Structures are given as structure tokens and as C-alpha cells.
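Worksheet: one structure, shown below.
Number of protein chains: 2
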Amino acid sequence: MGDSVRFYFDFSSPYSYFAAQKIDATLEACGRNCTWHPFLLGALFKITGSAPLTTIPIKGDYCRHDWERMGKMMNVAWTLPDPFPIPTQAAARAFYWLDDQDPDLAKRFALAAFDTYFGRGRDITAAEAVAELAAGLGADGDALLTALGDDALKQRLKDETAQAIDAGVFGAPFFIVDGEHFWGNDRLWMIKRWIKGQAA
Amino acid sequence: MGDSVRFYFDFSSPYSYFAAQKIDATLEACGRNCTWHPFLLGALFKITGSAPLTTIPIKGDYCRHDWERMGKMMNVAWTLPDPFPIPTQAAARAFYWLDDQDPDLAKRFALAAFDTYFGRGRDITAAEAVAELAAGLGADGDALLTALGDDALKQRLKDETAQAIDAGVFGAPFFIVDGEHFWGNDRLWMIKRWIKGQAA
Numbered sequence: 028m029g030d031s032v033r034f035y036f037d038f039s040s041p042y043s044y045f046a047a048q049k050i051d052a053t054l055e056a057c058g059r060n061c062t063w064h065p066f067l068l069g070a071l072f073k074i075t076g077s078a079p080l081t082t083i084p085i086k087g088d089y090c091r092h093d094w095e096r097m098g099k100m101m102n103v104a105w106t107l108p109d110p111f112p113i114p115t116q117a118a119a120r121a122f123y124w125l126d127d128q129d130p131d132l133a134k135r136f137a138l139a140a141f142d143t144y145f146g147r148g149r150d151i152t153a154a155e156a157v158a159e160l161a162a163g164l165g166a167d168g169d170a171l172l173t174a175l176g177d178d179a180l181k182q183r184l185k186d187e188t189a190q191a192i193d194a195g196v197f198g199a200p201f202f203i204v205d206g207e208h209f210w211g212n213d214r215l216w217m218i219k220r221w222i223k224g225q226a227a
Numbered sequence: 028m029g030d031s032v033r034f035y036f037d038f039s040s041p042y043s044y045f046a047a048q049k050i051d052a053t054l055e056a057c058g059r060n061c062t063w064h065p066f067l068l069g070a071l072f073k074i075t076g077s078a079p080l081t082t083i084p085i086k087g088d089y090c091r092h093d094w095e096r097m098g099k100m101m102n103v104a105w106t107l108p109d110p111f112p113i114p115t116q117a118a119a120r121a122f123y124w125l126d127d128q129d130p131d132l133a134k135r136f137a138l139a140a141f142d143t144y145f146g147r148g149r150d151i152t153a154a155e156a157v158a159e160l161a162a163g164l165g166a167d168g169d170a171l172l173t174a175l176g177d178d179a180l181k182q183r184l185k186d187e188t189a190q191a192i193d194a195g196v197f198g199a200p201f202f203i204v205d206g207e208h209f210w211g212n213d214r215l216w217m218i219k220r221w222i223k224g225q226a227a
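For the protein sequence lines, the chains are D and E, in the order given. Under the working numbering, the first residue of the first sequence is numbered 28, with each subsequent residue one higher. Under the working numbering, the first residue of the second sequence is numbered 28, with each subsequent residue one higher.
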């Protein structure tokens with residue numbers, strides 16, 4: 028396995044949800060690892076002047092239909108949750124708290140959080156909902172709930188978001204492979220081709 | 028061959044250029060025809076408040092790099108022309124004038140215009156440049172040059188652009204397959220999957 032590829036996402040991004048289902052398998056097939064980096068898309072939107080897809084006329088309706096279609100084609104459960112989008116601070120902070128202990132556990136948590144929100148349509152805004160999810164995977168839910176209120180963990184997510192923006196991330200999902208940037212769930216094929224081309 | 032699929036594009040859209048290289052072959056493999064419909068992306072941008080990709084901070088730089096990468100991966104010539112973007116009224120009007128005589132000739136003209144602009148970086152704004160291209164393919168260049176100044180042909184492009192917008196087109200390239208909408212060069216795989224799913 029070579030150096031890791033960075034997968035940037037927001038827990039409230041539908042196309043990130045779809046990408047999360049297959050990014051690790053896609054990269055493993057290329058002999059590469061992947062590290063996951065949740066960040067706050069809302070903080071990025073403030074800088075770029077972007078807005079959640081569902082709020083954009085015409086394109087918003089297209090995306091609603093596209094997500095349903097993508098779920099069916101990928102054979103992945105899909106629900107447009109209400110509320111959508113949501114603040115994802117608690118889920119993202121929990122991810123980093125878990126990641127420091129066990130990166131595999133953090134990924135399992137991320138997939139469970141995505142499935143709860145987009146697969147079953149249940150809100151994951153609250154710290155309690157996030158801690159319960161982590162506890163269900165074997166983590167210490169009470170310790171996580173305490174940590175979610177700590178300034179250190181809040182700062183960690185701010186730093187990760189700032190680093191993503193500094194690295195050139197302008198949407199989600201976003202991938203950085205040895206400095207090469209790829210934007211969108213539609214580009215997993217290109218990441219594969221690019222890695223194989225570099226190895227050749 | 029079933030009913031035709033509609034391919035909407037603008038002659039100044041890089042991702043339309045890439046899609047034009049393979050849309051017909053992709054659909055023929057599914058037993059479907061494709062009709063081509065150039066329209067004015069600028070007229071759409073006025074409604075949606077969008078802007079040419081190269082003018083958007085960060086994303087613009089990403090796209091410049093992505094077009095180069097796409098050209099290499101598709102083995103298609105790529106140059107970011109200067110000026111870019113350009114007014115594409117002459118090319119689009121010429122397309123419809125040719126399309127009324129011979130749809131295959133119109134497609135060959137479209138591919139030649141794309142290649143001139145994005146493959147070789149030569150401006151195709153002027154009516155004279157467009158007429159010369161068409162003449163090189165066997166069309167009556169003088170008659171086309173006269174037609175390009177006619178109100179009827181100008182109105183034709185206005186109508187085609189209005190019809191595209193009415194149909195829900197919000198970017199380019201855009202595809203409508205039996206009422207199903209697909210946006211972007213990245214979605215040819217999905218069009219294929221969708222057609223096969225409907226046929227099954």
C-alpha cells in the first residue's frame with residue numbers, strides 16, 4: 028500500500044454518502060489506502076458563495092431525482108431526510124475523536140451515521156444521537172458525549188475544515204491523490220485510471 | 028432504433044466538446060439514435076445566475092486542469108482557447124441551417140467546429156470562420172453566410188434555446204432520454220445503464 032489518498036466529505040452531502048460506499052474498495056483495488064476527512068461544507072459555502080443543492084431552482088429538482096436514481100443504480104438505500112441539510116458538527120467531531128483511537132472504527136461510525144441519515148432518514152444533528160451511534164459500535168458513548176462539548180475537539184474540526192479549504196477543496200465529495208485533485212462521486216473511475224497511469 | 032435521445036450543448040462548453048466525441052457511439056451501442064441541439068448557454072446563465080467555469084475562484088483552476096487531464100485520458104486533442112468563452116451564435120445557427128438539409132452533415136460540422144475551437148484553439152466566433160468550416164465539408168459556404176444574417180435563422184436559435192430551457196436543461200452537456208434528464212459528460216455511463224434497465 029502506498030501513501031494514503033484523502034477523502035473529504037460532509038455528513039450532510041448526498042454525493043458524499045454515495046462515494047463513501049465504495050471509495051475504500053475502489054482504492055484497495057489500486058493498492059492504495061484512503062484516509063477520511065469530514066469537514067463543514069457550510070463553512071466552505073460561506074467563502075465560495077455556494078448553497079445547498081436543494082435550494083437551487085431547477086437543479087435542485089434534478090438532484091432530488093438524481094439521488095433516488097443513484098441509490099437504485101448503486102443498490103444503496105436512499106431517503107431524502109427531513110430536515111435537510113443539517114449541521115454536522117457533532118458527527119464530524121465524533122469522527123475525529125474516534126479516528127484518534129481507531130481509524131477503522133471511525134470509518135464504521137461514518138458509514139453508520141450516513142446510513143442513519145440518508146439510508147433511514149433519521150436526524151443525526153444532536154450530540155446524543157451521534158454518541159448513541161458510536162456506542163452501538165462499541166465506543167464509549169458517555170466519554171464521547173463529554174468530549175463533544177470540549178473546546179479541543181471543536182477546534183480540531185475547525186482546523187480540519189481550514190486545512191481542507193487551504194488544500195483546494197471546493198465541494199464534497201473531494202479526493203486528493205498525491206496532490207492531484209478530483210471532485211465528485213462521478214470521478215471514482217478517473218481516480219482509478221490516474222493511479223494506474225502513475226504506476227505504469 | 029427507438030426514439031431519439033436529445034443532446035443539448037454549447038459550442039463554447041468544454042465538457043460538451045468531450046461528450047460530443049462519444050455520445051453517438053454510446054447510444055448506438057444501446058440501439059438508440061441521438062439528435063443534437065446546440066443552444067446558447069449564456070442565455071441560460073442569465074436566468075440561473077451562473078457564470079463560465081473559468082471565472083469561478085478555485086473551481087476555475089480545477090476545471091482548467093481537469094480539461095487537460097480529460098483530453099489525455101480520452102485521447103482527444105485539448106487546448107484552452109483564447110478567447111474563451113466565445114459567443115457561439117454563428118456556429119449554432121449554422122448547425123441548424125445544415126441540420127435542415129442533412130443531419131449527418133450537421134453533426135460532422137459540429138465535430139469540426141469543436142475540433143477547431145478546443146482541439147486547435149482557433150476562434151470560431153465569426154460567421155466567416157463558420158461558413159469556411161461548413162464549406163470544407165461540402166456545404167454551400169456562400170449560401171450559409173447569407174443565411175447567417177437572416178432573421179429566420181436567428182429566431183430559430185432563439186426558439187431552440189427557449190425550448191431547451193423549457194425542457195429543464197440547466198447546463199451543458201445535457202441529455203434527455205424519454206423524458207429522463209442527465210447532466211454532464213460524467214453521466215454517459217448512467218445513460219447506458221438507464222436505457223438497458225428500461226429495455227429489460
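Even glycine gets a Cβ: it sits at the ideal position worked out from N, Cα and C. Bear in mind the structure is a predicted one, so any value in this text is a computation, not a measurement.
Output needed for residue i: all residues of its chain with C-beta closer than 7 Å, excluding positions within five of it in sequence on either side, in chain order.
i	result
D:F145	P41, Y44, W105, T106, P108
D:L80	K86, G87, C90
D:N212	Y42, F45, A46, P200
E:A154	A117, L172, L175
D:V204	V32, I218, W221, I222
DSSP three-state label for residue i, please.
i	result
D:N212	helix
E:P130	helix
E:A147	Reading off the sequence shown, one finds Arg at residue 147 of chain E, where the question assumed Ala. Coil at E:R147, not helix or strand.
D:W63	strand
D:V196	coil
D:I85	coil
E:I50	helix
E:I203	strand
D:V157	helix
D:F45	helix
D:F72	helix
D:F141	helix
E:F36	strand
E:F111	coil
E:L6	Only positions 28 to 227 of chain E appear in the structure, and residue 6 of chain E is not among them; the question remains open.
D:C57	coil
E:T188	helix
E:R183	helix
E:Q225	helix
E:L242	This structure gives no information on residue 242 of chain E, because the portion of chain E shown stretches from 28 to 227.
E:W105	coil
E:L125	helix
E:D93	helix
D:G165	coil
E:M28	The predicted position of E:M28 is uncertain, since its pLDDT is 48 and thus under 50; a value taken from the coordinates is nonetheless stated next. In the structure shown, E:M28 sits in coil (DSSP, three-state: anything other than H, G, I, E or B).
Return the chain-ordered list of same chain residues with a C-beta closer than 8 Å to the C-beta of residue i, the five sequence neighbours on each side being excluded.
i	result
E:L150	According to the sequence provided, residue 150 of chain E is Asp. The question's Leu does not apply to it. Correct list, in chain order: P108, P110, I113, Y144, A156.
D:G165	L132
D:Y123	P65, A133, L180, R183, L184, E187
When you compare the CB positions of residue i and residue j, do they come within less than 7 Å of one another, or not?
i	j	result
E:A140	E:F38	yes
E:L180	E:A158	no
D:A119	D:L125	no
E:F202	E:I218	yes
E:A121	E:A161	yes
E:N175	E:A117	With the sequence shown as reference, residue 175 of chain E is identified as Leu, and Asn is not the correct amino acid for it. It is a contact, given that the beta carbons lie within the stated cut-off.
E:W210	E:G198	yes
E:I192	E:L71	yes
D:M100	E:R220	yes
E:V103	E:Q182	no
Spatial neighbours of residue i within its chain, please: C-beta separation below 6 Å, excluding the five flanking residues on both sides.
i	result
E:L54	V32, C61
E:V228	The requested residue 228 of chain E does not occur in the structure, where chain E is confined to residues 28 to 227.
E:D228	Residue 228 of chain E lies beyond the range of chain E shown here (28 to 227); nothing can be said about it.
E:R135	L164
Residues, ordered as in the chain, of the stretch 87-106 of chain E that lie near chain D by beta-carbon distance below 7 Å: For the stretch 87-106 of chain E, which is checked against every Cβ of chain D, the residues closer than 7 Å are Y89, M100.
Using a Cβ distance threshold of 8 Å, determine whether the stretch 171-187 of chain D contacts the stretch 50-63 of chain D, with at least three qualifying pairs required. Flag = no, the stretch 171-187 of chain D and the stretch 50-63 of chain D do not touch.
Under 7 Å (Cβ pairs) to chain D, residues found in the stretch 179-205 of chain E: Here the close residues are G195, F197.
Compile a chain-ordered list of the residues in the stretch 213-227 of chain E whose CB is closer than 9 Å to at least one CB of chain D. Correct list: D213, R214, W216, M217, R220, W221, G224.
Compile a chain-ordered list of the residues in the stretch 53-65 of chain D whose CB is closer than 9 Å to at least one CB of chain E. Cβ contacts with chain E: none found.
Contact list for the stretch 42-53 of chain D against chain E, Cβ threshold 8 Å: Hits within the stretch: zero.
At a CB distance below 9 Å, what residues from the stretch 137-151 of chain D approach chain E? Give them in sequence order. None of the residues of the stretch 137-151 of chain D has a beta carbon lying less than 9 Å from any beta carbon of chain E.
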